[in-house]
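The block underneath contains the structure these notes are about, expressed in C-alpha coordinates.
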Amino acid sequence: MTGTPAAELVIRPETSADHALIREVHARAFGDAVRVPGLVDALRTAPAALEPLSFVAVHDGRVVGHVMLSAARLDAPRRIVDVLTLSPLGVLPEHQGRGVGTRLVGHALAAAAAAGAPLVFLEGSPDYYGPRGFERADAAGFRSPSLRIPPPAFQVARLPAYEPWMTGTFVYAETFWALDCVGLREEGGGG
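All residue numbers for the sequence shown refer to our numbering, where the first residue is 50 and numbers rise by one.
Written out as C-alpha coordinates, the structure reads:
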(Lines of atoms letter the chains of each structure in order from A and count residues from 1; the text may use other names and numbers.)
(Lines give C-alpha, C1' and ligand atoms only; values in the text may rest on other atoms or scores of the structure.)
Protein backbone atom coordinates (compact mmCIF):
# COMPACT_ATOMS: atom_id res chain seq x y z
CA MET A 1 0.00 0.00 0.00
CA THR A 2 1.46 3.32 -1.02
CA GLY A 3 1.04 6.55 0.86
CA THR A 4 -0.29 9.76 -0.53
CA PRO A 5 1.75 12.59 0.94
CA ALA A 6 -0.35 15.75 0.80
CA ALA A 7 2.46 17.69 -0.87
CA GLU A 8 2.47 15.27 -3.82
CA LEU A 9 -1.28 15.48 -4.36
CA VAL A 10 -2.69 17.72 -7.09
CA ILE A 11 -6.35 18.77 -7.05
CA ARG A 12 -7.67 19.94 -10.42
CA PRO A 13 -10.93 20.16 -12.38
CA GLU A 14 -11.91 16.92 -14.04
CA THR A 15 -11.54 16.56 -17.81
CA SER A 16 -13.36 14.22 -20.18
CA ALA A 17 -10.20 12.08 -20.23
CA ASP A 18 -10.77 11.42 -16.49
CA HIS A 19 -14.31 10.00 -16.79
CA ALA A 20 -13.38 6.29 -16.91
CA LEU A 21 -10.91 6.77 -14.06
CA ILE A 22 -13.55 8.56 -11.99
CA ARG A 23 -15.96 5.66 -12.53
CA GLU A 24 -13.23 3.31 -11.29
CA VAL A 25 -12.61 5.46 -8.19
CA HIS A 26 -16.28 5.38 -7.19
CA ALA A 27 -16.78 1.72 -8.08
CA ARG A 28 -13.89 0.76 -5.80
CA ALA A 29 -14.61 3.31 -3.07
CA PHE A 30 -18.30 2.36 -2.78
CA GLY A 31 -18.04 -1.31 -3.79
CA ASP A 32 -20.71 -0.75 -6.45
CA ALA A 33 -19.84 -0.31 -10.12
CA VAL A 34 -23.31 0.95 -11.07
CA ARG A 35 -25.12 3.36 -8.73
CA VAL A 36 -22.52 6.00 -7.79
CA PRO A 37 -20.61 5.98 -11.10
CA GLY A 38 -23.99 6.26 -12.85
CA LEU A 39 -24.95 9.20 -10.65
CA VAL A 40 -21.78 11.07 -11.61
CA ASP A 41 -22.33 10.43 -15.32
CA ALA A 42 -25.97 11.58 -15.10
CA LEU A 43 -25.18 14.73 -13.09
CA ARG A 44 -22.65 15.86 -15.71
CA THR A 45 -25.36 16.10 -18.37
CA ALA A 46 -28.50 16.91 -16.36
CA PRO A 47 -30.07 20.30 -16.97
CA ALA A 48 -29.47 22.42 -13.86
CA ALA A 49 -29.50 26.01 -12.65
CA LEU A 50 -25.81 25.71 -11.70
CA GLU A 51 -23.11 23.89 -13.61
CA PRO A 52 -21.60 20.95 -11.70
CA LEU A 53 -18.18 21.50 -10.16
CA SER A 54 -16.12 18.34 -10.36
CA PHE A 55 -12.55 17.82 -9.17
CA VAL A 56 -10.04 14.99 -9.16
CA ALA A 57 -7.12 14.28 -6.86
CA VAL A 58 -4.08 13.11 -8.78
CA HIS A 59 -1.12 11.33 -7.21
CA ASP A 60 1.84 10.22 -9.30
CA GLY A 61 -0.12 10.90 -12.48
CA ARG A 62 -3.04 8.68 -11.36
CA VAL A 63 -6.56 9.82 -10.41
CA VAL A 64 -6.98 8.60 -6.81
CA GLY A 65 -10.01 10.62 -5.73
CA HIS A 66 -13.00 12.60 -6.98
CA VAL A 67 -15.58 15.03 -5.60
CA MET A 68 -18.61 16.55 -7.28
CA LEU A 69 -20.80 19.52 -6.42
CA SER A 70 -24.10 19.73 -8.27
CA ALA A 71 -27.13 21.99 -8.33
CA ALA A 72 -29.89 21.64 -5.76
CA ARG A 73 -32.46 24.00 -4.31
CA LEU A 74 -33.47 25.38 -0.96
CA ASP A 75 -37.21 26.04 -0.64
CA ALA A 76 -36.90 29.10 1.60
CA PRO A 77 -39.88 31.19 2.76
CA ARG A 78 -38.69 34.26 0.84
CA ARG A 79 -37.82 32.47 -2.43
CA ILE A 80 -36.18 29.41 -3.96
CA VAL A 81 -32.40 29.56 -3.49
CA ASP A 82 -29.92 27.79 -5.77
CA VAL A 83 -27.51 25.77 -3.61
CA LEU A 84 -25.10 22.89 -4.12
CA THR A 85 -24.87 19.34 -2.90
CA LEU A 86 -21.56 17.60 -2.34
CA SER A 87 -22.02 14.10 -3.66
CA PRO A 88 -20.23 11.91 -4.29
CA LEU A 89 -16.83 12.01 -2.64
CA GLY A 90 -14.72 8.94 -3.39
CA VAL A 91 -11.10 7.94 -2.82
CA LEU A 92 -9.42 4.73 -3.93
CA PRO A 93 -9.24 2.38 -0.92
CA GLU A 94 -5.44 2.27 -0.89
CA HIS A 95 -5.33 6.08 -0.62
CA GLN A 96 -7.98 6.47 2.08
CA GLY A 97 -6.95 7.80 5.48
CA ARG A 98 -4.19 9.93 3.98
CA GLY A 99 -5.88 13.31 3.61
CA VAL A 100 -7.08 12.95 0.01
CA GLY A 101 -10.76 13.30 0.93
CA THR A 102 -10.03 16.23 3.23
CA ARG A 103 -8.20 18.05 0.46
CA LEU A 104 -11.02 17.35 -2.02
CA VAL A 105 -13.70 18.62 0.39
CA GLY A 106 -11.69 21.76 1.16
CA HIS A 107 -11.15 22.43 -2.53
CA ALA A 108 -14.84 21.85 -3.30
CA LEU A 109 -15.98 24.25 -0.56
CA ALA A 110 -13.55 26.93 -1.75
CA ALA A 111 -14.81 26.51 -5.33
CA ALA A 112 -18.44 26.70 -4.16
CA ALA A 113 -17.70 29.90 -2.24
CA ALA A 114 -15.90 31.39 -5.25
CA ALA A 115 -18.93 30.56 -7.42
CA GLY A 116 -21.15 32.48 -4.99
CA ALA A 117 -23.09 29.50 -3.64
CA PRO A 118 -24.50 30.26 -0.20
CA LEU A 119 -24.83 26.67 1.03
CA VAL A 120 -23.52 23.18 0.37
CA PHE A 121 -25.53 20.20 1.62
CA LEU A 122 -24.64 16.53 1.91
CA GLU A 123 -25.56 13.20 3.46
CA GLY A 124 -22.67 11.68 5.35
CA SER A 125 -20.89 10.91 8.59
CA PRO A 126 -20.85 13.88 10.98
CA ASP A 127 -17.61 12.50 12.43
CA TYR A 128 -15.97 12.83 9.02
CA TYR A 129 -17.60 15.97 7.62
CA GLY A 130 -17.96 17.97 10.86
CA PRO A 131 -14.24 18.78 11.13
CA ARG A 132 -14.24 19.63 7.40
CA GLY A 133 -16.69 22.55 7.64
CA PHE A 134 -20.13 20.93 7.89
CA GLU A 135 -22.72 21.05 10.66
CA ARG A 136 -25.96 19.27 11.37
CA ALA A 137 -28.46 20.89 9.00
CA ASP A 138 -31.64 20.38 11.05
CA ALA A 139 -30.04 22.14 14.01
CA ALA A 140 -29.20 25.06 11.69
CA GLY A 141 -32.82 25.52 10.54
CA PHE A 142 -33.00 23.29 7.47
CA ARG A 143 -35.46 20.49 6.69
CA SER A 144 -34.36 17.23 5.16
CA PRO A 145 -35.74 16.17 1.77
CA SER A 146 -36.33 12.59 2.96
CA LEU A 147 -37.30 10.70 6.09
CA ARG A 148 -34.67 8.11 5.08
CA ILE A 149 -31.81 10.51 5.90
CA PRO A 150 -30.82 10.11 9.55
CA PRO A 151 -30.85 13.61 11.13
CA PRO A 152 -27.13 13.58 12.08
CA ALA A 153 -26.21 12.65 8.47
CA PHE A 154 -28.08 15.63 6.95
CA GLN A 155 -25.39 18.32 6.94
CA VAL A 156 -24.71 21.79 5.60
CA ALA A 157 -21.78 24.15 5.14
CA ARG A 158 -22.69 27.83 5.26
CA LEU A 159 -20.54 29.87 2.88
CA PRO A 160 -19.89 33.66 2.71
CA ALA A 161 -22.93 34.27 0.43
CA TYR A 162 -25.27 32.73 3.04
CA GLU A 163 -27.83 35.06 4.62
CA PRO A 164 -29.81 34.28 7.81
CA TRP A 165 -33.18 34.22 5.99
CA MET A 166 -31.97 31.25 3.95
CA THR A 167 -33.71 28.46 5.85
CA GLY A 168 -36.24 25.91 4.67
CA THR A 169 -36.35 22.56 2.93
CA PHE A 170 -33.42 21.22 0.95
CA VAL A 171 -34.48 19.72 -2.40
CA TYR A 172 -32.24 17.38 -4.38
CA ALA A 173 -32.08 17.64 -8.17
CA GLU A 174 -34.30 15.17 -10.01
CA THR A 175 -31.26 13.05 -10.95
CA PHE A 176 -30.78 11.96 -7.31
CA TRP A 177 -34.43 10.88 -7.07
CA ALA A 178 -34.50 9.16 -10.46
CA LEU A 179 -31.44 7.06 -9.58
CA ASP A 180 -32.67 6.37 -6.03
CA CYS A 181 -29.63 8.03 -4.45
CA VAL A 182 -31.41 9.84 -1.60
CA GLY A 183 -31.26 8.49 1.94
CA LEU A 184 -30.68 5.02 3.27
CA ARG A 185 -32.42 1.90 2.06
CA GLU A 186 -33.20 -0.99 4.37
CA GLU A 187 -31.12 -4.13 3.82
CA GLY A 188 -33.00 -6.41 1.46
CA GLY A 189 -35.83 -3.89 1.20
CA GLY A 190 -37.72 -3.79 -2.05
CA GLY A 191 -38.37 -0.69 -4.09
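Backbone N, C-alpha and C define an ideal beta-carbon position, used for all residues, glycine too.
Counting only unbroken stretches of 4 or more residues, the alpha helix (DSSP H) elements lying wholly within the segment 167–202 are 175–178, in sequence order.
In chain order, THR218, PHE219, VAL220, TYR221 and VAL231 place their CB closer than 7 Å to the CB of PRO194, counting only its own chain and leaving out the 5 sequence neighbours on each side. Nearest to ARG111 by alpha-carbon distance, out of ASP67, LEU99, LEU92 and ALA98, is ASP67.
Residue range 129–140 is occupied by the beta strand (DSSP E) that includes THR134.
With a cut-off of 8 Å on Cβ pairs, the segment 193–209 is not in contact with the segment 60–76, counting fewer than three such pairs.
For ALA163, the enclosing alpha helix (DSSP H) covers residues 149–163.
Distances from the CA of GLY146 to each of VAL113, GLU184 and ALA188 were compared; the closest alpha carbon is that of VAL113. With respect to LEU133, ALA161 sits close: the two C-beta atoms are nearer than 9 Å. Collapsing the DSSP output to three states places LEU102 in a strand. DSSP places THR94 inside the alpha helix (DSSP H), whose first and last residues are 84–94.
Inclusion of VAL107 and ARG61 in the CB contact set at 9 Å is warranted, their separation being smaller than that value. Contact annotation, LEU123 with PRO101: C-beta distance approximately 17 Å; criterion of less than 8 Å not satisfied. Assigned with DSSP and collapsed to three states, LEU70 falls in helix.
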